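>
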DNA sequence: TACAGTAGGTTCCTAGAGGAAAGTGACCTC
DNA sequence: GAGGTCACTTTCCTCTAGGAACCTACTGTA
């Protein structure tokens with residue numbers, strides 16, 4: 002490992018922080034998961050599939066996902082109004098990321114449980 | 002996370018939530034990133050590389066990572082005391098996950114910026 | 001004598017996320 | 001005319017993660 006100056010030490014950002022803020026902030030992965038596995042969904046459909054989310058927070062998250070280009074919102078000016086949400090192509094490009102995480106969970110998550118039990122008993 | 006019980010699994014089956022809570026909670030990826038790219042590090046070395054973290058929070062995060070089996074802590078009973086932190090094998094198994102995220106960022110993150118500009122100008 | 005380095009611990013406090021519950025408006029049903 | 005549907009919006013409130021500042025014991029150094 003090469004010598005580094007003090008100045009360069011502080012300039013050492015974690016390059017995955019932006020994508021972590023984007024994809025792994027609260028409720029975003031459950032929402033994307035619902036849209037991925039159930040296709041286009043109306044607001045109340047998503048709400049029913051995520052029983053512990055409040056409508057205020059669901060609205061906030063969907064707006065954020067729409068602004069980030071991960072969710073497409075389609076409004077139908079009917080009475081009563083109808084709104085449908087679906088994943089964009091950009092969000093679909095995240096599917097391999099999610100699959101990597103699922104694979105890691107299946108292979109290694111039990112070791113985390115083991116480590117916690119060992120730590121707590123010591 | 003406490004509500005993620007058997008009952009909610011049928012309605013809320015996002016299987017990556019546990020690993021998200023584990024790996025992508027605040028400060029954990031920057032800490033792991035520092036350990037990955039600079040090897041074993043002492044407490045103050047990590048602190049200097051993450052200029053905006055407070056010592057209290059750094060202690061909390063390191064304890065949590067140690068409990069989860071992602072970081073190994075070695076204490077040397079010298080005067081003044083010396084403590085070194087390093088990634089465990091379990092944490093090293095996450096490296097492909099991080100690389101997947103880096104790849105996605107390089108390929109797609111600029112589209113998020115575009116989407117935000119388009120949304121904000123509309 | 002005074003101070004710095006070491007790895008944190010402790011106390012106090014605040015900003016902000018997020019939950020609960022009620023409201024909105026236009027229409028349809030009973 | 002009372003209530004339901006839909007997609008939110010608004011208001012109020014609580015909880016907690018996290019920041020700031022200070023403290024610990026011990027020694028080497030100026």
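Protein chains in written order, with my numbering: chain W, 2 to 123; chain C, 2 to 123.
No residue lacks a Cβ here, since even glycine has one placed at the ideal position from N, Cα and C.
In this text, all values refer to a predicted model and were calculated from it rather than measured experimentally.
Does any C-beta atom of chain C lie closer than 7 Å to the C-beta of residue 31 of chain W?
Residue 31 of chain W counts as touching chain C.
> Can you list, in chain order, the residues of the segment 98 to 114 of chain W whose Cβ is nearer than 7 Å to any Cβ on chain C?
Listed in sequence order: 98, 99, 101, 102, 103, 105, 106, 109, 110, 112 and 113.
> Use the C-beta contact count for residue 53 of chain C: other C-beta atoms within 10 angstroms, 16 or more gives buried, fewer gives exposed.
Label assigned to residue 53 of chain C: exposed.
> Which residues in chain W sit within 7 Å of residue 16 of chain C, going by Cβ to Cβ distance?
Chain W residues near residue 16 of chain C: 103 and 106.
> So, are the CB atoms of residue 70 of chain W and residue 116 of chain C less than 7 Å apart?
Yes; because the gap between Cβ atoms is below 7 Å, this pair is in contact.
> Counting beta carbon pairs with one atom in the segment 85 to 104 of chain C and one in the segment 30 to 41 of chain C, are three or more of them shorter than 8 Å?
At 8 Å Cβ cutoff, the stretches touch.
> Going along the chain, which residues of its own chain have a beta-carbon closer than 6 Å to the beta-carbon of residue 75 of chain W, five neighbours each way excluded?
Cβ within range, chain order: 85.
> Is residue 27 of chain W helix, strand or coil by DSSP?
If DSSP states are grouped into helix, strand and coil, residue 27 of chain W belongs with coil.
> Just how far apart, CA to CA, sit residue 46 of chain W and residue 101 of chain W?
Roughly 27 Å separates the two Cα atoms.
> At what residue ranges does the segment 49 to 123 of chain C contain a whole run of the alpha helix (DSSP H), taking only runs of 4 or more?
Within the segment 49 to 123 of chain C, the complete alpha helix (DSSP H) runs of at least 4 residues are 56 to 68, 90 to 93 and 96 to 122.
> Applying a beta-carbon distance threshold of less than 9 Å, which residues of chain W neighbour residue 78 of chain C?
Correct list: empty, because the minimum Cβ distance to chain W is about 18 Å.
> Quick one: what's residue 42 of chain W bridged to in DSSP?
Answer is W:86.
> Please confirm whether residue 28 of chain C has its beta-carbon closer than 7 Å to some beta-carbon of chain W.
With 7 Å as the cut-off, residue 28 of chain C does not count as an interface residue toward chain W.
> Determine the chain C residues that contact residue 1 of chain W at a beta-carbon separation under 8 Å, and present them in chain order.
Any property of residue 1 of chain W remains undetermined from this structure, which presents chain W solely from 2 to 123.
> Is the CB-CB distance between residue 30 of chain C and residue 24 of chain W below 7 Å?
No, the pair does not count as a contact, with Cβ atoms beyond the cut-off.
> Closest by CA to residue 92 of chain C, which one among W:90, W:66 and W:113?
Comparing Cα-Cα distances from residue 92 of chain C to each of W:90, W:66 and W:113, the minimum goes to W:113.
> Is residue 86 of chain W close to chain C? Criterion is C-beta to C-beta, closer than 7 Å.
By this cut-off, residue 86 of chain W is not an interface position.
> Count the other CB atoms, across all protein chains shown, that sit within 10 Å of the CB of residue 80 of chain W; report buried if there are 16 or more and exposed otherwise.
Burial call: exposed.
> Going by other Cβ atoms of all chains shown within 10 Å of its Cβ, with 16 needed for buried, is residue 50 of chain C buried or exposed?
Buried.
> Do we get a CB-CB distance below 7 Å when we pair residue 116 of chain C with the residues of chain W?
Yes - at least one Cβ of chain W is within 7 Å of the one on residue 116 of chain C.
> By the three-class DSSP mapping on this structure, what secondary structure does residue 14 of chain W have?
DSSP places residue 14 of chain W in coil when its eight states are reduced to three.
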